[in-house]
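Asker: Before anything else, here's the structure in question.
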Amino acid sequence: MDQADQLRNIIKQQNKQQHLARVITVTSGKGGVGKSNISVNLAIQLSRLDKKVVILDADFGLANVEVMLGIRPQYNLADMMFKGKSLRDVISAGPENIGFISGGSGLREMTNLSRDQVQNLVRMIYGLDNIADVVIIDTGAGISDNVIELVMASSEVLLVATPEPTSITDAYALLKTLCRKPEFYKNHSKIRMVANRTHGYDEGKELFDKLDTVVKKFLKMKMEYLGYIPYDEKLLKAVMKQLPVSLAYPNAASSRAILEMAMFLENRKDGIEQGQSKGLSGLLTRMFHYKKV
Ligand SMILES: Nc1ncnc2c1ncn2[C@@H]1O[C@H](COP(=O)(O)OP(=O)(O)O)[C@@H](O)[C@H]1O
Ligand SMILES: [Mg+2]
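Residues in the sequence shown are numbered consecutively from 0, following numbering that gives the first Met the number 0.
Below, the structure written as structure tokens:
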């Protein structure tokens with residue numbers, strides 16, 4: 000049995016016994032479009048709908064989520080890998096009962112793991128399937144291998160774009176890169192676009208239509224429109240206070256838009272596939288399958 004087989008066996012055994020988390024990966028072509036704000040506020044809104052939510056900060060090195068929450072986590076993923084901390088140790092408590100796992104800067108040392116270390120990491124992380132109903136993965140921007148692999152392996156993706164022209168071309172570039180990967184199955188992932196920092200409904204819908212038209216025509220891919228989040232001064236104020244806007248200003252336009260998205264997602268679970276592709280264990284199975292470790 001090679002390492003990939005061993006991993007799949009471990010995961011298959013776990014799948015039989017486990018409650019599986021829904022995994023939503025938040026990504027974008029360009030940085031600074033609102034991924035971390037959307038991840039954190041979506042987590043809070045889903046938590047208010049009685050879901051146990053854990054955010055995995057996968058924008059390694061930047062530590063966005065903890066800055067946004069104004070919380071200094073005691074441990075991060077590297078502590079679990081190298082210092083014997085457990086999964087529960089590295090989940091920090093956030094507001095409204097959300098949990099988050101800091102990628103920390105230590106993750107840079109995690110690019111060259113041994114076989115045993117990789118297996119350990121997989122075992123530890125997929126323990127999240129038992130802890131959370133929803134895992135939100137806040138990724139870095141762009142076409143780096145890390146991001147593409149995460150997106151490729153996710154059954155549900157939120158693609159964030161803003162009205163700036165480069166945001167749309169970069170979103171298109173990300174999807175194009177995905178489509179070029181032989182391992183990417185177009186119908187495997189549900190890709191939903193969020194238009195952020197727009198001025199009203201029309202601008203958001205136009206943004207979606209623009210991207211959707213080229214994506215359909217040239218990439219033969221389907222996307223869904225999740226909706227728009229208006230440009231909101233309240234969100235900026237909240238960021239300055241190191242508070243998520245849905246806590247600082249629950250009635251702000253951006254908070255309400257994200258609540259609507261949370262409710263929509265709660266009612267639409269059709270992006271989640273059956274069987275082994277579900278949950279974090281499914282995501283990891285696919286990642287390691289692609290990598291053929
Ligand atoms: N809806 C919005 N209205 C106004 N400003 C926003 C909005 N969404 C994001 N921003 C601004 O954009 C900045 C970047 O957001 P962030 O979530 O950190 O992006 P990313 O994670 O994609 O890099 C925020 O600090 C905030 O100033
Ligand atoms: Mg971010």
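Just so you know, even glycine gets a beta-carbon here, dropped at the ideal spot from N, CA and C.
The structure displayed is predicted, hence computed values, not measured ones.
(1) Among P72, I100, D128, which one has its Cα closest to the Cα of T138?
(2) D137: beta carbon under 8 Å from a heavy atom of ligand 2?
(3) Could you say which of K236, N195, D211, L218 lies nearest to G226 if we only look at CA atoms?
(4) Going by the C-beta, is N75 closer than 8 Å to any heavy atom of ligand 2?
(5) Does DSSP classify E259 as helix, strand or coil?
(6) Using only CA atoms, which one of F217, Q73, I23 lies nearest to L174?
(7) Classify E205 as helix, strand or coil using the three-state DSSP reduction.
(8) How many Å lie between H198 and F207 at the Cα?
(9) Would you mind reading off the limits of the beta strand (DSSP E) that contains F99?
(10) By the 10 Å Cβ neighbour count, where 16 or more other Cβ atoms means buried, how is E65 classified, buried or exposed?
(11) Tell me which same chain residues have a C-beta within less than 6 Å of the C-beta of Q241, skipping the five on either side of it?
(12) Beta carbon of K34: closer than 8 Å to some heavy atom of ligand 1?
(13) Please list, in chain order, all residues of the same chain as G270 whose beta carbon is under 7 Å from its beta carbon, the five residues on each side excluded.
(14) Just to confirm the assignment, what range does the alpha helix (DSSP H) spanning M79 have?
(15) What does the alpha-carbon distance come out to for the pair K185 and R191?
Answerer: On the basis of the data shown:
(1) Indexing the sequence shown from 1 puts residue 138 at position 139. Out of P72, I100, D128, I100 has the C-alpha closest to the C-alpha of T138.
(2) As a first step, residue 137 is located in the sequence shown; it is residue number 138 there, counting from the start. Yes - ligand 2 has a heavy atom lying nearer than 8 Å to the Cβ of D137.
(3) As a first step, residue 226 must be located in the sequence shown, where it is residue number 227. Residue nearest to G226 within the set K236, N195, D211, L218 is N195 (criterion: CA-CA distance).
(4) As a first step, residue 75 must be located in the sequence shown, where it is residue number 76. The answer is no for N75.
(5) Stepping through the sequence shown from its first residue, residue 259 is reached at position 260. E259 falls in the helix class under three-state DSSP.
(6) For this step, residue 174 is matched to residue 175 along the sequence shown. It is F217.
(7) Looking up residue 205 in the sequence shown gives position 206. DSSP places E205 in helix when its eight states are reduced to three.
(8) Locating residue 198 in the sequence shown gives position 199, counting from the first residue. Locating residue 207 in the sequence shown gives position 208, counting from the first residue. Spanning the two alpha carbons is a distance of roughly 14 Å.
(9) If you number the sequence shown from 1, residue 99 lands on position 100. Counted as a single uninterrupted DSSP element, the beta strand (DSSP E) harbouring F99 occupies residues 98-100.
(10) By one-based count along the sequence shown, residue 65 stands at place 66. With 16 or more other Cβ atoms within 10 Å, it is buried.
(11) Mapped onto the sequence shown, residue 241 falls at position 242. Only G69 meet the Cβ criterion.
(12) Stepping through the sequence shown from its first residue, residue 34 is reached at position 35. True, at least one ligand heavy atom lies under 8 Å from that Cβ.
(13) For the purposes of this step, residue 270 is taken as residue 271 along the sequence shown, with counting starting at 1. Any answer about G270 is weak, because its pLDDT of 47 lies below 50 and its placement is not dependable; what the coordinates show is given next. Here the set comprises S154, E155, K189.
(14) Position 80 of the sequence shown, counted from the start, is the residue given in the question as residue 79. Segment 76-81, the alpha helix (DSSP H) holding M79.
(15) Against the sequence shown, residue 185 aligns to sequence position 186. Against the sequence shown, residue 191 aligns to sequence position 192. Distance between the alpha carbons of K185 and R191 is about 13 Å.
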